[in-house]
Structure formats: C-alpha cells, structure tokens
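The sequence shown maps to residues -6 to 206 in the numbering used here. Right, one structure below, let's go through it.
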Amino acid sequence: MADFKKLAQLLGDLDEEGVLEFANELVASGASESDGLAAVAACQDGMNIVGDLFEKGEYFVGDLIFAGEILTETIQALKPILSSGTGNTIGKIIVGTVHGDLHDIGKNIFKNMIEIAGFEVFDLGIDQSPEAFVEKAKEVKPDIIGLSGVLTLALDSMKSTVEALQAAGIKDDIKVIIGGNPVTKEACEYIGADAFTTNAAEGVRICRGWVNA
C-alpha cells in the first residue's frame, strides 16, 4: 500500500526527485486509477503544506512556483494510471488567466487535473481579454469557462468577462468557475460567477458535478 502521506510531505519539502520517484514507482507497480487519484489528492495536500509555509514566511514566491512545477510534472507522470483510456470526453471547458494577470501555475495545475477527469480543455493562456473568452466560447461552445487570477485586479477582469459573456447572449448556456488567491464567496457574487475555488481538486469536483447533473 503506497504511503500517500509520505508523498504529500515530499512535495511539501519541495523534494522534486523524491516526488517523481514515488509517482514513477506507483505507475510501474501497475497501480489502479483510484491509487492515481489518491496520489493527486496527496499532491494537493502537499501544495497546502507549501502554502502554509509561504504564509508563515518560511517559503517564498520562488518556492511556490517550484512546487507548482513539481506538481505539474507529477500529474504528467501519473497520467498512465489516471486516464480511463475510453477516449470519451464528459464536457468541454475553456480555461485562461484573465486580462492584466500573467500568472499561470494554478491554471496549469487545474488544466492537468480537469483533463484527467475527462474534459476537453481549451487553454487560452495568460492575460486574456473578455473578448478572447467570448470569441472562443462562440467557437467551441463549452459547458464551462474557468477564469484564473492571482492579483486582486483580476477580480474586475473576471467581472468584465462574465459581463461580456452576458452581453453576447451566451452566459446562460455556460457555467463559470473562478479560481485563484483573491477569490472568495463575496468576490464570486460580485463577479457573477457560478462557483469559486482556491483548490484545484475541489474545482474539478464542481465541474464534474455540473456536467453530470
């Protein structure tokens, strides 16, 4: 039985070699998809450790970035046991960091996890205008749009994006989830989004719930 608490602590310690060795050994052992999902959950716990140490001033921005890179690499390593292999998608989602914000670590982590969950993902990248989201939504007709941002100014950009979707007459057909450090319940209501999260795994659960409803 894999020690997933150990995996969480390895990531919390920023032990890139240890984390990837754990993931690769798990895949090589012929572990099940549920084991893979447990590993992803453990990695999220590890990210929480990193976040706590950052809040205490023991880790710095560079450490947050490095932790995000480790997590992205780990999810890629785990993909052989995370993919159902059916080739079927359960929904379409557009993700992007909103205008004025250049951060993409959280977006990329969510992107990897939502792909594993079975979504077809259209990643617009960083610093994306409301018009870019509207244009892509008209093109691919997604079930969900995920708006990401780390800076406080991202909240107004998120609000402008939701308003642009409404003005284009397509918001009623699309769920919007927002994510990032500054998002709260109050911010979600201000923006007009359908849900918010600061946790990638929770975001995936919300999105799966929408398409399975």
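A virtual CB, placed ideally from N, CA and C, is assigned to each residue, including glycine.
Option nearest residue i by Cα separation, candidates the options
i	options	result
residue 176	196, 160, 165	196
residue 11	156, -4, 187, 116	-4
residue 15	138, 145, 53, 66	66
residue 126	90, 82, 104, 37	90
residue 54	137, 166, 163, 143	143
residue 74	112, 25, 17, 136	25
residue 205	115, 165, 161, 111	111
Alpha carbon of residue i to alpha carbon of residue j, nearest angstrom
i	j	result
residue 158	residue -1	44 Å
residue 140	residue 58	19 Å
residue 32	residue 9	15 Å
residue 44	residue 198	21 Å
residue 171	residue 49	26 Å
residue 201	residue 145	27 Å
residue 100	residue -6	31 Å
Same chain, Cβ closer than 6 Å to residue i, neighbours up to 5 away in sequence not counted
i	result
residue 39	1, 4, 5
residue 122	92
Three-state secondary structure (DSSP) of residue i
i	result
residue 42	helix
residue 140	strand
residue 191	coil
residue 168	strand
Buried/exposed call for residue i, threshold 16 Cβ in 10 Å
i	result
residue 29	buried
residue 106	buried
Sequence-distant residues of the same chain with beta carbon closer than 7 Å to residue i, five excluded per side
i	result
residue 153	123
Chain-order list of residues whose beta-carbon lies under 8 Å from that of residue i (same chain, five-residue window excluded)
i	result
residue 56	7, 43, 46, 47
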